[in-house]
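Participant: Every position in the sequence shown, counted from 1, becomes a number in my numbering once 140 is added.
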Amino acid sequence: MRIGLTISFFLLSFLLFGKELTIQIKDSLPQTSSVKTIINDSLLRIKEKAPEKNKANSLKVKNKSLKPSIKPMEEITISDYKILYLDETEKSVDTSLSLEGEYSFNFLRKDYFELLPLPNMGEGFNKLGYDFHQQPLIPQMGARVKHFSYFEKEDVPYYEMPSAYTELFFKTTFKQGQNLDATLAINTSPKFNVAVSFKGFRSLGKYPFSLSRSRQFRLSTQYQTFNHRYRLRLHQTTQSLENDFNGGLTNDGIYFFENAPNYIATDEFGQPQLNENGEEEYVYYDGFLNRSQLPTQAAGTNVLDGKRYFMDHQYRMLPVNKDSTSFKAVLGFRSSFEKKNYRINQLKSNYYFYETFTNGRVADTTNYQTFENTIYANFKNSFLGKLKVDLHHIRWDYSFTENEYEKDTILPNQIEATQLATEANWSKSILGVNAEAGLYNSFKKDFRTLAWHVVFNRQLFNDIRINASYKDRSQPLNFNFYLLQNDYKEYNWNNLGLLNQKFKTKSFTITHPKWGNISGEWTNIGNFTFFNNITRLVEFNERIKISVVQLDRRIDYFKARFNQRLDFGKLSWINNIQYQKVTQEEDPNELLSGPIALNVPKWLVRSTIMLTSSMFNNALFFQSGATFVFFTDYYADEYNPLIAEFVTQNNVKIGEYPRIDFFFNAKIKSSRLFVKLENVNSPIEHLIYPDTPYDYYAAPFKPYRDFSVRIGLIWNFFE
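Right, dumping it as structure tokens:
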């Protein structure tokens, strides 16, 4: 019923507002005979060839109280093509070629500095660092690995475009597939914009049972009156993310992977054969360089489907001046309904995940629904600053599909809960110091969140800016920590008594425009909760058994980062260096210490050398260079595809290998071409030193990507 009402409201708004505004402004724009578009780097200038008499025409509006400000087309620049987000941030369309664009030209379209991608595109990402205050404040369904590329309501943009706008994103994948993300934004009037986006990709992958594919549809619209008093935003998303999984390489698979193509010759008893000099003999076999021949642990499919309907009304009051479009107060109402389900399918149960309740096919479904309503008010005053107050009502329904065997009688199969919460955010500049503060507080005891923060930043001498903050939050866990049901016996639990996790973070940042910035964070973690691999050591990497663990001891997590860019004419040298340290409090009453709960590499380094220039009388602008990435070895989390989560383990380390990528990016008008040679050092190293093992992994028993050539394109159209 809610879905039908939302769709009906969207269609009604489109018919009423779109048609009405078209009639109002159809005689307001000067007539044009032709339009010529010129694009130079990141600037867009649209020149208009029109008779002089048309330029002298003034805008005529029947309603004198509404004076729409419509730019003539010859005055339009790229800054007028705006992309807006839920948190009221906005940016202009960017067609420039930059290092930031190179770092974000990937599957997620964001910087991968603290992320380590799994072998296939869209399969998931291991973490090399953490920011716990970026997590949602309310509990989620779980299966977080499936959510890396899932579009949350904060990720869906709205558009303000003076003309039709199209963006095409394309990038090659790993065998038998492509990746395409297309957006078309149009305006039926200057104040009514509609955008349709679709992201679809398919990648077979190089390892057995690693096919990835997704379909993600987004429809967003924004309407706002000419006087800027009323604004309506709507969006709808339909998403399906599907992955085949293999559980990682077996022990034999690891041997064949690491030592290819030179293997030690053995006799019938498995003992190495020696030559006349007493040295081990080797056999050359390159069959396992074809990674699809390597043996893996399991075969199955996990799927995340989701639909969301979102609406946001906003009415602005108390204009700053009589004819101003800035206002002192805003009232708004926001509503969001979302339904997800996470499915596991295996044609046959697998020994790797232990025993099942029934032999044969495995089919489990986790359902998750949220219905959230928010009333909010914004106030702006020169004396008090900016204040935003929200009142949230949230309803959760987390459940499992019922089956007709024993597991349904052991545990409950549903969590239903509601929560009422208030949120306040304030900001003001005081004596040259920009101050911010925020509070989020839930009223009900179950699944309660309490979070607050303060931030100060100030410009000091010699262009130095300093930023300091303190953040404190106590938040509930995701629902799959509390309750899980599965066809596999070891993957069923009920932990409704778990406590909230607590994070307290002190941070600072010092920034200089030439010498870069340095930042530090100290986080104290209480009641840290994680999935722990409790498989017996003799069965490690033959089976995987996990449990939910909540530490009653404190964890201290320190992270420091240095970012710098140095330019030498056309050459640039960019460095990102991160140091991390985790200290876990020990229990003096325990003879043996428990698992190390939070594992991160001590050092993470990325360095890029780049040449920026142009060719063909500045018709082609290009950037070319190499990026070096390295992180020290650590006990990386292991991927468990059954629950689509990373699991803590303390037996196998990964890391201590360099990755070098060469790139060449070019720009012609509003199109950008990207060419990248990924992990190019791997074949070069093995060409020089044939006995060098393939020891690069993205997670335990999950290899990192081999050398590959990737080609992509971003093309923007302004018509």
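All residues carry an ideal CB built from backbone N, CA and C; glycine is no exception.
#1: For the beta strand (DSSP E) holding glutamate 512, just list the boundary residues, first then last.
#2: Please identify the residue among Lys488, Trp633, Ser539 whose C-alpha is closest to the C-alpha of isoleucine 550.
#3: Using CA atoms only, rank isn't needed, just tell me which of Ser337, His826, Leu344, Val233 is closest to phenylalanine 314.
#4: Count the other C-beta atoms from every protein chain shown that fall within 10 angstroms of the C-beta of serine 354, then say buried if there are 16 or more, exposed otherwise.
#5: How many angstroms separate the CA atom of glutamine 763 from the CA atom of tryptophan 855?
#6: CB proline 518 to CB lysine 528, shorter than 8 Å?
#7: Do you know how far the Cα of leucine 571 is from the Cα of isoleucine 658?
#8: Alpha carbons only, please: which of Phe858, Trp662, Ser647 is nearest the one belonging to lysine 721?
#9: Tell me whether proline 823 sits in a helix, a strand or coil according to DSSP, three-state version.
#10: Tell me tyrosine 403's beta-bridge partners as DSSP assigns them.
#11: Report the rounded CA-to-CA distance for serine 466 versus leucine 372, giving the unit in angstroms.
#12: Sort Val678, Lys842, Asp831 by Cα distance to proline 257 and report the nearest one.
#13: What's the C-alpha gap between serine 647 and isoleucine 736?
#14: I'd like to confirm the pairing. Which residues does DSSP put opposite tryptophan 713 in its beta bridges?
#15: With a 10 Å radius around its C-beta and 16 neighbouring C-beta atoms as the bar for buried, classify glutamine 364 as buried or exposed.
#16: With a 10 Å radius around its C-beta and 16 neighbouring C-beta atoms as the bar for buried, classify aspartate 392 as buried or exposed.
#17: On the criterion of 16 or more Cβ atoms from any shown chain inside 10 Å, does glutamate 419 qualify as buried, or is it exposed?
#18: According to DSSP, is lysine 842 helix, strand or coil?
#19: Identify which residue in Asp777, Ile851, Asn703 has its Cα closest to the Cα of serine 747.
#20: Within the stretch 406-488, note down every full beta strand (DSSP E) run reaching 3 residues or more, in order along the chain.
#21: Check whether the Cβ atoms of leucine 434 and phenylalanine 397 lie closer than 8 Å to each other.
#22: Excluding five sequence neighbours on each side, which residues of the same chain lie with their C-beta closer than 6 Å to the C-beta of serine 712?
#23: Quick check: valine 460 and serine 360, are their CB atoms within less than 8 Å of each other?
#24: Output yes or no for whether 8 Å exceeds the beta carbon distance between leucine 524 and threonine 562.
#25: Might you give, ordered along the chain, the residues of its own chain that have their beta carbon closer than 6 Å to the beta carbon of tyrosine 370, omitting 5 neighbours on each side?
#26: Please report the distance separating the alpha-carbon of phenylalanine 357 from that of valine 336.
#27: Is valine 233 near tyrosine 298, with beta carbons less than 8 Å apart?
#28: Could you name the residues of the same chain whose beta carbon sits closer than 6 Å to that of asparagine 481, not counting the 5 residues immediately before and after it, in chain order?
#29: Beta-carbon within less than 7 Å of histidine 652's beta-carbon, same chain only, minus the 5 sequence neighbours each way: which residues are those?
#30: Taking tyrosine 837 as the reference, which of Phe770, Ser810, Glu859, Ile828 has the closest Cα?
#31: Please list the segments of the alpha helix (DSSP H) lying wholly inside the stretch 598-633, counting only runs of 4 or more residues, in order along the chain.
#32: Within 10 angstroms of the Cβ of serine 352, are there 16 or more other Cβ atoms? Answer buried if so, exposed if not.
#33: Do the stretch 788-805 and the stretch 666-681 touch if we need at least three Cβ pairs shorter than 8 Å?
#34: Across the stretch 508-515 and the stretch 634-642, are there enough close Cβ pairs to call them in contact, namely three or more that are closer than 8 Å?
#35: What does a CB cutoff of less than 6 Å around glutamine 486 pick up in its chain, not counting 5 residues either side in sequence?
#36: Can you grab the Cα-Cα spacing for the pair asparagine 574 / lysine 611, in whole Å?
Facilitator: Based on what the coordinates show:
#1: 502-521
#2: Trp633
#3: Leu344
#4: buried
#5: 17 Å
#6: Reading off the sequence shown, one finds asparagine at residue 518, where the question assumed proline. Yes.
#7: 25 Å
#8: Trp662
#9: helix
#10: Val423
#11: When only Cα atoms are considered, serine 466 and leucine 372 end up about 17 Å apart.
#12: Lys842
#13: Roughly 24 Å separates the two Cα atoms.
#14: Leu706, Ile749
#15: That one is buried.
#16: exposed
#17: Taking all protein chains shown into account, glutamate 419 has fewer than 16 neighbouring C-beta atoms within 10 Å of its C-beta and is therefore exposed.
#18: Here lysine 842 carries a strand assignment [DSSP, helix/strand/coil].
#19: Asn703
#20: 422-424, 440-459, 467-486
#21: Cβ distance < 8 Å, so leucine 434 and phenylalanine 397 count as in contact.
#22: For serine 712, the CB contacts under 6 Å within the same chain, skipping 5 residues up- and downstream, are Met750 in chain order.
#23: No, the Cβ-Cβ distance between valine 460 and serine 360 is not below 8 Å.
#24: no
#25: Tyr455
#26: The alpha-carbon atoms of phenylalanine 357 and valine 336 are separated by roughly 8 Å.
#27: Cβ atoms of valine 233 and tyrosine 298: not closer than 8 Å.
#28: Asp445, Thr505, Asn507
#29: Taking C-beta separations shorter than 7 Å and ignoring five residues to either side along the sequence, the partners of histidine 652 in its chain run Asp603, Ile604, following chain order.
#30: Taking only the C-alpha atoms, the option nearest tyrosine 837 is Phe770.
#31: Counting only runs of 4 or more, we get 619-622.
#32: buried
#33: yes
#34: Touching, no, given that fewer than three Cβ pairs across the two stretches are closer than 8 Å.
#35: Excluding positions up to five away in sequence, the list reads Gly440, Val502.
#36: Those two C-alpha atoms are separated by around 16 Å.
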